Every structure is written in structure tokens, then in C-alpha cells.
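As given, the protein sequences belong to chains A and B, one line each in that order.
Under numbering that gives the first Met the number 0, think of the first position of the first sequence as 0, with each following residue one higher.
Under numbering that gives the first Met the number 0, think of the first position of the second sequence as 0, with each following residue one higher.
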Amino acid sequence: MPWINGKQLHREAAQRSLAGLSPARVRLRAEALAAAEDLARPAYCYRIVPLDEPAGTPLRAGGETLLADRLLPGSGELTGLACGTFTLGPEFEDRIRELFADKRAALAVALDEVANDMVIALGRRLQDRMLMEVQRRGLSMAGELRAGDPGLDISAQPAVLRLAQAERIGVGLHGGHLLTPIKSGTVVCGVGHDLPPADWSRCDECPSAPRCRMRTRAAGAGSDLRA
Amino acid sequence: MSELNAEEQQLVDWLADMNEDQAMDLARRMLLEDGKDPIRVLELCRMSMDIVGKKFEEGEYFLPELVLAGEMLDAIGRIAKPLIKDHEAGPSNKLGRVLIGTVHGDLHDIGKNIVSFMLDINGFEVKDVGIDVPAQTFIDEVHAFKPDVVGLSGFLTLAFDSMKETIAALEQAGVRQQVKVMIGGGQIDETVRNYTGADAFGINAVEAVNICKKWTQAAA
Ligand code: B12
Ligand code: SF4
Numbered sequence: 000m001p002w003i004n005g006k007q008l009h010r011e012a013a014q015r016s017l018a019g020l021s022p023a024r025v026r027l028r029a030e031a032l033a034a035a036e037d038l039a040r041p042a043y044c045y046r047i048v049p050l051d052e053p054a055g056t057p058l059r060a061g062g063e064t065l066l067a068d069r070l071l072p073g074s075g076e077l078t079g080l081a082c083g084t085f086t087l088g089p090e091f092e093d094r095i096r097e098l099f100a101d102k103r104a105a106l107a108v109a110l111d112e113v114a115n116d117m118v119i120a121l122g123r124r125l126q127d128r129m130l131m132e133v134q135r136r137g138l139s140m141a142g143e144l145r146a147g148d149p150g151l152d153i154s155a156q157p158a159v160l161r162l163a164q165a166e167r168i169g170v171g172l173h174g175g176h177l178l179t180p181i182k183s184g185t186v187v188c189g190v191g192h193d194l195p196p197a198d199w200s201r202c203d204e205c206p207s208a209p210r211c212r213m214r215t216r217a218a219g220a221g222s223d224l225r226a
Numbered sequence: 000m001s002e003l004n005a006e007e008q009q010l011v012d013w014l015a016d017m018n019e020d021q022a023m024d025l026a027r028r029m030l031l032e033d034g035k036d037p038i039r040v041l042e043l044c045r046m047s048m049d050i051v052g053k054k055f056e057e058g059e060y061f062l063p064e065l066v067l068a069g070e071m072l073d074a075i076g077r078i079a080k081p082l083i084k085d086h087e088a089g090p091s092n093k094l095g096r097v098l099i100g101t102v103h104g105d106l107h108d109i110g111k112n113i114v115s116f117m118l119d120i121n122g123f124e125v126k127d128v129g130i131d132v133p134a135q136t137f138i139d140e141v142h143a144f145k146p147d148v149v150g151l152s153g154f155l156t157l158a159f160d161s162m163k164e165t166i167a168a169l170e171q172a173g174v175r176q177q178v179k180v181m182i183g184g185g186q187i188d189e190t191v192r193n194y195t196g197a198d199a200f201g202i203n204a205v206e207a208v209n210i211c212k213k214w215t216q217a218a219a
């Protein structure tokens, strides 16, 4: 299973523009980047799973059932699902918790921000890999859903993890739906023949959108991969 | 508060503008060299914190600025408080007690930690019972810690059910009337507040502090 060099993700996070930030914020960001240097244990895994039956409501693949109508294409043919999961490992959350306990809250928040930048970059890598593999097979990939964000209910999370075989990278579930480690995510994309690019984003109707900074940040990074 | 002289205004401005080094140097000098009244310096800190809070609510500042300002205030407080005479300080100066935790089934703690920190530096006595907290722990802590306010945090929509269960459990244990309950985190709004039976919801740490201040002032 593909492990990925944390240094690359760290470099990506370090490239984020600091224009307009106060000198104190810039100093904190530098401190957080230094603290983050050895904390990432990034890993991802995915599987491309053929549909068990022709695409419809619900979708059935790999023995699992998903209610994900948004993946049904306007044209072309949906033949499978690309299901993946990614994690930065548990070290970030442990360190952030320690910093709060030491009353170093500003550094804790800055480190959390760096971790979020890195996990978003990691998710982007995963999706790039999935796309490469899909294209290698002569297929196309379209639409991106995350269990818990609009378009795919959070109750689908266990099925998504099973489809991605998440145990390979140590991503598990707490209380039925929450991923552990915390700095983890999952993704489900449609795979098939001549799928048109999706004209929607899971952020479109997200109730968190008005106060979500991840949304604009991810868009600025030129990707449709968000929180 | 009486009018500010130039030096006092400078401290307020530097704190509110995040000029950390200059603000800390000036505060240290005022307290340790010039023998300035520590209570006055703490008042100036609170003024600057109010400005930061407003800028945060207006979207000019984000969480890191809010927390950084809190940290500066905390650092100045640690120098100033030992200088305050015994009769003026003491636990009676605390605004009230807040018990806070992330409800069972949820492990998100950064939002809760920020709220705890901001309540603490704003003068509340805070007991943080951590993440994935069973309803029974909240009940036990209400008996032991005797909080004025219970804060429940949760980021998943599923946490709303845990919040509802926790509040119902407080009711069943006969302690619901002793405390005010506020909730926060994730997609919380008035509908969720109503569903869970909480008294208020807050979408950020500034709101959490304001809610607690309002409640404890009303009770005083
Ligand atoms: C950053 C983020 C991530 C990051 C980091 C997550 C982390 N916890 O560290 C990453 C990319 C890893 C991530 C992953 C996922 N996420 Co996410 N994520 C977010 C996001 C954008 C911000 C959450 C956060 O860390 N905020 C940081 C805190 C400090 O900021 P804040 O919320 O403004 O904090 C204030 C308030 O919450 C308030 N507050 C907090 N507690 C309390 C308590 C009281 C009493 C009061 C008054 C106030 C209060 O005060 C805080 C300080 O001002 C939220 C959306 C949002 N805007 O809330 C989604 C969100 C939490 N994620 C969501 C989802 C679905 C996921 C995933 C499941 C997606 C997926 N399939 O991959 C995964 C699962 C992760 C997991 N471990 O299970 C959903 C959950 C919805 C649901 N159905 O339950 C949300 C709500 C987005 C949405 N769709 O609306 N996520
Ligand atoms: S990035 Fe923000 S707006 Fe988009 S789905 Fe995630 S939480 Fe919602």
C-alpha cells in the first residue's frame, strides 16, 4: 500500500501564502511548521470497485450499498466506484492536545491549521493517484463525495472504509462513524465510460459553508478537494 | 473606565494589533518597573480583548489572533496577579464555574479546547472533562464541581443526539435546574439547540464567553 513522504506534504503547507497576516501570525506559522516537521505519518489506500449491478438508486458495489445519487451521470456509463481513505497518523492530535495542556493555545491552533493543510494536500494526492489508475484502465472518473458532507450520509462511512480496505493503513472508526486518527478522511468517486465532469461540488449545499475557511483555501489551491 | 493616558492607549493598541513583543515589553515595564496598579493593567488587557473579540466577530481576525490575544492576556495576568494585594484577589474574583466536555461518540477537541482556554483567561473557573464523555460523567461532575454552566461540544451531526441524551440525563438525575447548558461545534444552530434542549448555542469562543458572562451576571 502506498506510503507517502511527509516532507512533501510539509513543503506544500510551507508554500501557503502568508500575505496580509500579522507578524505574530507569521511567527506562529513558522513555529508550527517547525513543530510539524516530524509529526506526519501519512498514508493512503484505495480500491476501484466494480458495481455489482447497473447503476441506480442505491448503488451496489463490493457487496456494499451506498445512497449516492449525485454520482449518477447525465451521460456516459457509471461502472464502478473509486473508494479511498487517507490519514496523517495520530501524532498531530497528540501534540496539539499537549500544547493546549501546556496553555500554548496559539501554537496549538497554528499547528492544527498546518495539519489541516497537510491532510488536504494528502487527500489531493490520493485523488490524483486514483485518477491515474482509472485512466490507466481506460476509464474516466467524475464526482467526489465524502461521507458526512452533502451527497453521502455519514452512516455510509463504515461501508466506505470496508470498500477502501482502510485497515491496511490503520484508519478505523470510533463510535460507529468518526474516523481515527482524527486527521483522516475518505473519498468516493464515480468511475466509468465517458463520464462528464461533475457540475456540482459537495460544498454547494453544505451548511458549514458560510463559516468554512477550508472551502476557499482548497479552491485557491486549484483543487476540488476540500475538508 | 476612566480616560486612557498615552501609554495606556499604546498598550491597548499594541495588544489589539498583535504587536506581541512591544506589548509584552510595555506591560512588563508598567508592572515591574513603574509600579503601575496591576488591576488597571488587567483592565487595559480586557479592553484590548474586547477589541480583538469585535474584530473576530466582524471577520477581520480569525481564531489564531483571538487565541494569541488570549495568550498575551494570560501572560500579563501571570505577572500582574501576584502583585495584586491578597484581599483584592482570590477565588471570589472568578466570574463563575464552567464544566465543559465533548459528548460521547465524538473525539473532536480543538474547538472545545479553545473555548475552555478563552473562558479561563476571561475569568471563569473551568473544568474540562475531555472528549467522548459519557452522560454519567457530566452528572457526577455537576455534583462534585458545582458548575454554573455546562458546555457541551460536538462536531458530528450524530453528536446532537449525544447532547440531547446528556441533557435528558441531567434532567433525570435532578440536576438540570442547577445549571445552564450551552452547546457548540460544527453545524450547530437554533434548530439543534431546540432539539437537544440546551439553553443556548454558540458558534465560536467569543459567543461562549458572552453567554457565560450574561448568565453569571444575571444570577449575581
Ligand atoms: C477542518 C475540518 C476537517 C479536517 C480536520 C478535522 C479535525 N477535527 O481536526 C479534516 C480534513 C481532517 C476533516 C475530515 C473530515 N471531516 Co471535517 N470538518 C472540518 C471543518 C471545516 C472545521 C472543523 C474544525 O476543526 N474546526 C476548528 C474549530 C476550532 O473551529 P470552529 O468550529 O470555528 O470552533 C469554534 C466552534 O466550534 C465553537 N465551539 C466548539 N465547541 C464548543 C462548545 C460550546 C459550548 C460553545 C458555545 C462553542 C463551541 O467555538 C470554537 C472556537 O471559536 C468542519 C466544518 C466546520 N466549519 O465546522 C468539518 C466537519 C466537522 N467535517 C465533516 C466531515 C463529514 C468530515 C469527514 C467525515 C469527511 C470525510 N468523509 O472524509 C472527515 C472525518 C474526519 C474524522 N476524523 O472523522 C462534517 C461533519 C458533518 C456530519 N455529518 O457529522 C463537518 C461539520 C463539515 C460539514 N459537512 O458540515 N475535517
Ligand atoms: S470544505 Fe467546508 S464547505 Fe466544503 S464540504 Fe467541507 S465543511 Fe462543507
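Ideal Cβ positions, reconstructed from N, Cα and C, are used throughout, including at glycine.
This one's a predicted model, so the numbers in the text were calculated from it and none came from an experiment.
Check the Cα spacing between B:Q186 and each of B:L25, B:D105, B:I202, B:L14: the tightest is with B:I202. A Cβ-Cβ contact shorter than 9 Å links A:R124 with A:L8. Judged by the Cβ position, A:S154 fails to qualify as a neighbour of ligand 2 at the 8 Å threshold, every heavy atom of the ligand being at least this far.
A distance of 9 Å or more separates the beta carbons of B:L67 and B:V205. Of the residues B:G110, B:M29, B:T195, B:A218, the one whose Cα lies closest to the Cα of B:V148 is B:A218.
Under the Cβ criterion (8 Å, minimum of three pairs), the segment 48-63 of chain A does not count as touching the segment 127-141 of chain A. Taking 9 Å as the threshold, the shortest C-beta distance from B:V178 to chain A does not fall below it. Not a single C-beta of chain A is nearer than 9 Å to the C-beta of B:T165.
Here A:T185 is near A:T84, since their CB atoms are less than 9 Å apart. At least one heavy atom of ligand 1 falls within 8 Å of the beta-carbon of A:D111.
Under the three-state reduction of DSSP output, B:R96 falls in the strand class.
Under the 9 Å criterion on CB atoms, A:R26 is classed as interfacial with respect to chain B. Annotated as distal: A:I95 and A:M213, with beta-carbon spacing of 9 Å or more. The beta carbon of B:V174 does not come within 9 Å of any beta carbon belonging to chain A, so the residue lies off that interface. Contacts with chain A at 9 Å (Cβ-Cβ) include B:G185.
Looking at the DSSP output, A:E63 bridges to A:A60. Between the segment 109-124 of chain B and the segment 99-113 of chain A there are three or more inter-stretch CB-CB distances shorter than 8 Å, so the stretches are counted as touching. Using a Cβ distance threshold of 9 Å, B:G104 and B:A168 do not count as a contacting pair. Between the beta-carbon of A:L162 and that of A:C82 there is about 4 Å, and that keeps the pair under the 8 Å contact cut. Non-local C-beta neighbours of B:F137 in its own chain, meaning closer than 6 Å and more than five positions away in sequence, comprise T165, ordered along the chain. When the five nearest sequence neighbours on each side are left out, the beta carbons in the same chain lying within less than 6 Å of the beta carbon of B:C44 are those of L72, I75, in order along the chain. B:V114 is positioned such that its CB atom lies no closer than 9 Å to that of B:G153.
Apart from sequence neighbours up to five positions away, the residues of its chain that approach B:F55 with a beta-carbon distance below 6 Å are L65, V205, ordered along the chain. A distance below 8 Å between beta-carbons, with the five flanking residues on each side excluded, links B:E6 to the following residues of its chain, in chain order: L25, M29. The contact set of B:M17 on chain A, defined by CB atoms closer than 9 Å, consists of S21, P22, A23, R24 in chain order.
Note on geometry: alpha-carbon atoms of B:I130 and B:L98 lie some 13 Å from one another.
Cβ neighbours of A:R59 within its own chain (closer than 6 Å, five residues either side excluded): D51, E52. Between A:R10 and A:L20, the C-beta gap is not smaller than 9 Å, which leaves the two residues out of contact.
Using a Cβ distance threshold of 9 Å, B:V102 and B:V132 count as a contacting pair.
With a cut-off of 8 Å, the C-beta of A:R123 is classified as distant from ligand 2, since no heavy atom of the ligand falls inside that distance.
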